[in-house]
Structure formats: structure tokens, C-alpha cells
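Q: Sending over a structure as C-alpha cells; questions will come in a sec.
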Amino acid sequence: MSKDNLARIGQDDIYSRLDAAIETTVKVHADRNDLEGRFPRENLQALAAPGWTGVLNEPRFGGLGLGHGDFAEAAYRIGQQDASTGLVYVMHVGAAQTINLFGNDDQKERWLKATGGTLLGTYSTSERASGGHWWYNFSEASRDGENYVLNAEKSFTTSSGQADFYVVQTRSPGAKDQTDISFFIVDGKASGIDPGPWEALGVRANHSGPIRYGDVKVPSRDRLGAEGQGKEIIYDDVSPVYLIGLGAVWEGVARRSSQCGGRTHLELCSQGQEQKPVGLSGHPPGARRRKGACRNFAPVAQRARRQA
Ligand SMILES: Cc1cc2nc3c(=O)[nH]c(=O)nc-3n(C[C@H](O)[C@H](O)[C@H](O)COP(=O)(O)OP(=O)(O)OC[C@H]3O[C@@H](n4cnc5c(N)ncnc54)[C@H](O)[C@@H]3O)c2cc1C
């Protein structure tokens, strides 16, 4: 047997373990989490067990050492079963990749490898004043001797209030302008972190609410890269992972939606014809609903009806 074939067998095994985690855990909890706005912690643990939360990370720090294509494939497969878990997964892989590419060995040991790779991370970049122009920041870190203090209001942060660490983007102390950016790893247990509520019509389990950092102390050992290196970090890491990952999750959602007859809850709500779960009404009359086929859309439609 050639080396190529051996590599292929290894890869198939990695994918079969991903599929098993999705099938036995992510899929099973999707409806309940969405209905109750319950954070999918157990789903991320199930994805961490076969190493998929460290998909891009170096193997010497517990990662799988795979590429962006495999990351996109995983996000796509997760998105087909649960968009909320998909978003949490993408933001986690992005935060981990920032450390993987720009962190030092000490940071990789403490945030990527510790506890068998089960620590959950996320990005915290967006601010209300700059919105979609998220490469600009108005918040600014200040100095505390050789350490830093963060005061920032972020408009959205997936896994807010739940993450074990936040990769926070803000202006460097004494920044020349809004693009003079630095990145910090903030311990989720640090005092001064105040997550706001996440009240959304859909993807209710991903907790992408606002978050406030009030006088949060960050030791210098948790600054990522050099001061002012933020622009490079955004272009080389944050943007590719964010754009590829989100695209893959929504592609997965679209695929599942097309299996529901191509009609989403939004279409049905706008047509005012919502009287039964979308998963059922999305099929031709008389068609039998494949078990679990249209999960995630029904709870959203039910809530839309209640709020109407
Ligand atoms: C579910 C969810 C999860 C998220 N997770 C995270 C996260 O983990 N971390 C994080 O940092 N952020 C996160 N975000 C934020 C996201 O990345 C975007 O930054 C944010 O949604 C855009 O900001 P805004 O809503 O204020 O839109 P705005 O920037 O106010 O834009 C609103 C609209 O105006 C348009 N617009 C804006 N500026 C212009 C212009 N100059 N000319 C013409 N049109 C313009 C936009 O295209 C858009 O249609 C999340 C958002 C969502 C919805």
C-alpha cells in the first residue's frame, strides 16, 4: 500500500469522527438549544474530542494541522445540522488561528493545548461606531506598567459570556489613528467583562451579544504579536478564517434548506402563511417529513408567530 493510501485512510478516519460528533451530539441538541437559547457547550466539546476545534493548529500544540479546505468542510457539515454551533465553531477556530499564527509557544501552551484543547475562544472585534468596517477601532488599550488595561464596548461577540478566552482587537496605546491596532488574549474569567443579552429571532444558541470590557487587566504575556501589528493580523488571519468559515456555515444552512423544499422560514413568514412548522409546510402536500430534515427552521417560525 502506498504512502498516499495510508494518508487517505488517516484522513477518512478524522472525517468519520467529525461526522460521528455531528450526528450523535450537534444534531441531537440543535432544536432544544435554539428553542431555549441554550449555549451549545456540549457540541463544542464533542467536536474538540476528535481534535476538530484545533483543525488549523500545529500538531505539537494538539492541533490537527489541516488546511482551510478542511476547516470549510467541517463548518459546512456542522452548518447543515445547526447554524448556531457552526458560528461558535468558526469564531473559535478564528481565535485559535490568531494564536496559532501570531502567538508565542507560551500562549499556544496555555490557550490551545491546555486541558486537551477544550478551551473555547472567540473574536471580539466589531464596534458600534464602525460596524461592518471592523478593521477600524475607536476603543484604545492603555498601559499599566508593562501590562495593559482594556476599556472597550464591542457590538457583537459570538460566545460572549461563555468563552474561555477572547481575542480582542483594539487600538494600540497612544495610537496614531483608528488603524493602529493591537490584539490581546483576554481570560474569560478576568474581572470587568460584562456580556449583554442576545435576543435574536434565529441562531439563538450562539450568544453573539454585545460585550463590555471595563478596566480589564491584561498581562503583557497575553499581547498577541507586537503592538501595532493588528492590521497584518486582520489581513492574514482574521479575514480569511471569518469569511471562509461563515460562507461555509451558511452554505450548509442553504443546503439543508433546499432539502426542505427550498423554502425558508423567512419566505413563509413574509407570505403570511405560517400556521404549522416550516419543516412540514416546506414539503409538497402529502410528502412525509424525513426525520430531522428541517430542524432549526420550525422553532424560528413558531417564535415569529408568537411575536406577530
Ligand atoms: C450572528 C452574528 C455573529 C457575530 N459575531 C461576531 C464576533 O464573534 N465577533 C465580532 O467582532 N463581530 C461579530 N459580528 C459582527 C459582524 O462581524 C459585523 O461587524 C456586524 O454585523 C456589522 O456591523 P453593523 O451590524 O453595525 O452594521 P453596519 O456597519 O452599521 O452596516 C449596516 C448596513 O449598512 C451598510 N453600510 C455600512 N457602511 C456603509 C457605507 N459606508 N456605505 C454603504 N453602505 C454601508 C452595510 O453593508 C449594512 O448593510 C457578528 C454579527 C452577527 C449578526
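With our numbering applied, the sequence shown closes on residue 335, and no number is skipped along the way. Built from N, CA and C at the ideal position, the CB exists for glycine as well.
In whole angstroms, what is the alpha-carbon distance linking aspartate 39 and alanine 102?
A: One-based indexing of the sequence shown puts residue 39 at position 12. One-based indexing of the sequence shown puts residue 102 at position 75. Rounded to whole angstroms, aspartate 39 to alanine 102 spans 17 Å at the Cα level.
Q: Is the CB-CB distance between proline 67 and threonine 125 below 8 Å?
A: As a first step, residue 67 is located in the sequence shown; it is residue number 40 there, counting from the start. As a first step, residue 125 is located in the sequence shown; it is residue number 98 there, counting from the start. In this structure, threonine 125 does not lie closer than 8 Å to proline 67 by Cβ.
Q: What does the alpha-carbon distance come out to for the pair histidine 56 and leucine 71?
A: In the sequence shown, residue 56 corresponds to position 29, counting from 1. In the sequence shown, residue 71 corresponds to position 44, counting from 1. Their Cα atoms are separated by approximately 11 Å.
Q: Please go through the same chain and pick out, in chain order, the residues whose beta-carbon is closer than 7 Å to the beta-carbon of proline 246, but skip the five residues on each side of it.
A: Here residue 246 refers to the residue found at position 219 when the sequence shown is read from its first residue. Correct list, in chain order: Asn174.
Q: Within 10 angstroms of the Cβ of asparagine 323, are there 16 or more other Cβ atoms? Answer buried if so, exposed if not.
A: Walking along the sequence shown from the start, residue 323 turns up at place 296. Bear in mind that the predicted position of asparagine 323 carries a pLDDT of just 49, short of 50, making it unreliable; the figure below should be weighed with that in mind. When all chains shown are included, asparagine 323 counts as buried.
Q: Buried or exposed: where does asparagine 127 fall if 16 or more other Cβ atoms within 10 Å of its Cβ makes it buried?
A: Taking the sequence shown and counting its residues from 1, the one referred to as residue 127 is at position 100. It counts as buried.
Q: Can you tell me whether glycine 144 is helix, strand or coil according to DSSP?
A: Numbered from 1 along the sequence shown, position 117 holds the residue referred to as residue 144. Looking at glycine 144 - three-state DSSP - the assignment turns out to be helix.
Q: Could you check whether the region 188-205 touches the region 140-151, counting it as contact only if at least three pairs of C-beta atoms, one from each stretch, sit closer than 8 Å?
A: Short answer: they touch.
Q: Hey, is tyrosine 150 close to ligand 1, as in C-beta under 7 Å from one of its heavy atoms?
A: Counting from 1 along the sequence shown, the entry for residue 150 is found at position 123. Within the cutoff, so yes.
Q: How would you write the range of the beta strand (DSSP E) that proline 222 sits in, first residue to last?
A: As a first step, residue 222 is located in the sequence shown; it is residue number 195 there, counting from the start. It spans 220-222 - the beta strand (DSSP E) in which proline 222 sits, taken as one unbroken run.
Q: Between which two residues does the alpha helix (DSSP H) carrying asparagine 178 extend?
A: Position 151 of the sequence shown, counted from the start, is the residue given in the question as residue 178. Taken as a continuous stretch (DSSP letters only), asparagine 178 belongs to no alpha helix (DSSP H), being part of the beta strand (DSSP E) at 174-181.
Q: Within the same chain, show all residues whose beta-carbon is closer than 6 Å to that of phenylalanine 88, passing over the 5 residues directly before and after it, in chain order.
A: Against the sequence shown, residue 88 aligns to sequence position 61. Excluding positions up to five away in sequence, the list reads Lys135, Leu139, Lys140.
Q: Do you know offhand how far threonine 206's Cα is from glycine 159's?
A: Here the question's residue 206 lines up with position 179 in the sequence shown. Here the question's residue 159 lines up with position 132 in the sequence shown. Whole-angstrom Cα-Cα distance: 14 Å.
Q: Taking the continuous alpha helix (DSSP H) assigned at serine 209, which residues delimit it?
A: By one-based count along the sequence shown, residue 209 stands at place 182. Where serine 209 is concerned, there is no enclosing alpha helix (DSSP H), although the beta strand (DSSP E) it sits in stretches over 208-214.
Q: Using a Cβ-Cβ cutoff of less than 6 Å, which residues in the same chain neighbour alanine 156 once the five nearest sequence positions on both sides are dropped?
A: Within the sequence shown, the letter at position 129 stands for residue 156. Answer for alanine 156: Phe165, listed in chain order.
Q: So, at 7 Å on beta carbons, what are the nonlocal neighbours of glycine 241 in its own chain, with the 5 sequence-adjacent residues on each side left out?
A: If you number the sequence shown from 1, residue 241 lands on position 214. Asn178, Gly219, Asp221.
Q: So which of Ile260, Val82, Thr52, Gly236 has the shortest CA-CA distance to glutamate 69?
A: Taking the sequence shown and counting its residues from 1, the one referred to as residue 69 is at position 42. For the residues Ile260, Val82, Thr52, Gly236, the minimum Cα distance to glutamate 69 belongs to Thr52.
Q: Using 8 Å as the Cβ pair cut-off and three pairs as the minimum, do the region 202-216 and the region 72-91 touch?
A: Too few Cβ pairs lie closer than 8 Å, so no.
Q: Among residues of its own chain, excluding the 5 on either side of arginine 65, which ones have a beta-carbon nearer than 7 Å to its beta-carbon?
A: Numbered from 1 along the sequence shown, position 38 holds the residue referred to as residue 65. For arginine 65, where only same-chain residues beyond five positions count, the Cβ hits under 7 Å are Arg59, Ala232.
Q: Quick check for students: name the residue ranges of the beta strand (DSSP E) that lie wholly in the region 214-271, counting only runs of 3 or more.
A: Complete beta strand (DSSP E) runs here, min 3: 220-222, 238-245.
Q: Going by Cα to Cα distance, which pick from Phe210, Ile271, Asp61, Trp79 is closest to arginine 248?
A: The residue you call residue 248 lines up with position 221 of the sequence shown. Taking only the C-alpha atoms, the option nearest arginine 248 is Phe210.
Q: How big is the Cα-Cα spacing for glycine 223 and valine 117?
A: As a first step, residue 223 is located in the sequence shown; it is residue number 196 there, counting from the start. As a first step, residue 117 is located in the sequence shown; it is residue number 90 there, counting from the start. Their Cα atoms are separated by approximately 21 Å.
Q: Residues bridged to aspartate 171 by DSSP?
A: Numbered from 1 along the sequence shown, position 144 holds the residue referred to as residue 171. Asn174.
Q: DSSP on alanine 325, reduced to helix/strand/coil?
A: Numbered from its first residue, the sequence shown carries residue 325 at position 298. Because the pLDDT of alanine 325 is 48, which lies under 50, any placement of that residue in the model is unreliable, and the number read from its coordinates should be weighed accordingly. In the structure shown, alanine 325 sits in a helix (DSSP, three-state: H, G or I).
Q: If we ignore side chains and look at the alpha-carbon of each, how far apart do serine 285 and glutamine 107 end up?
A: Within the sequence shown, numbered from 1, the residue matching residue 285 stands at position 258. Within the sequence shown, numbered from 1, the residue matching residue 107 stands at position 80. Approximately 11 Å, taken between the alpha carbons.
Q: Please return the same chain residues whose Cβ sits closer than 6 Å to the Cβ of phenylalanine 129, not counting the five positions on each side in sequence.
A: Your numbering for residue 129 matches position 102 in the sequence shown. Excluding sequence neighbours, phenylalanine 129 sits near Leu251, Gly252, Ile260.
Q: Answer yes or no: the CB of threonine 185 versus the heavy atoms of ligand 1, is any distance below 7 Å?
A: For this step, residue 185 is matched to residue 158 along the sequence shown. True, at least one ligand heavy atom lies under 7 Å from that Cβ.
Q: Against chain C, with Cβ distances strictly below 8 Å, would glutamate 278 count as a contact?
A: Any reference to chain C falls outside this structure, which holds one protein chain only.
Q: The beta strand (DSSP E) with tyrosine 193 in it runs from where to where?
A: The residue given as residue 193 occupies position 166 in the sequence shown. Taken as a continuous stretch (DSSP letters only), the beta strand (DSSP E) holding tyrosine 193 covers 192-198.
Q: What distance in whole Å lies between the Cβ atoms of threonine 185 and leucine 273, which are believed to be in contact at a cut-off of 8 Å?
A: Translated into the one-based positions of the sequence shown, residue 273 becomes position 246. Translated into the one-based positions of the sequence shown, residue 185 becomes position 158. Going by Cβ atoms, the distance from leucine 273 to threonine 185 rounds to 10 Å, so no, they are not a contact pair.
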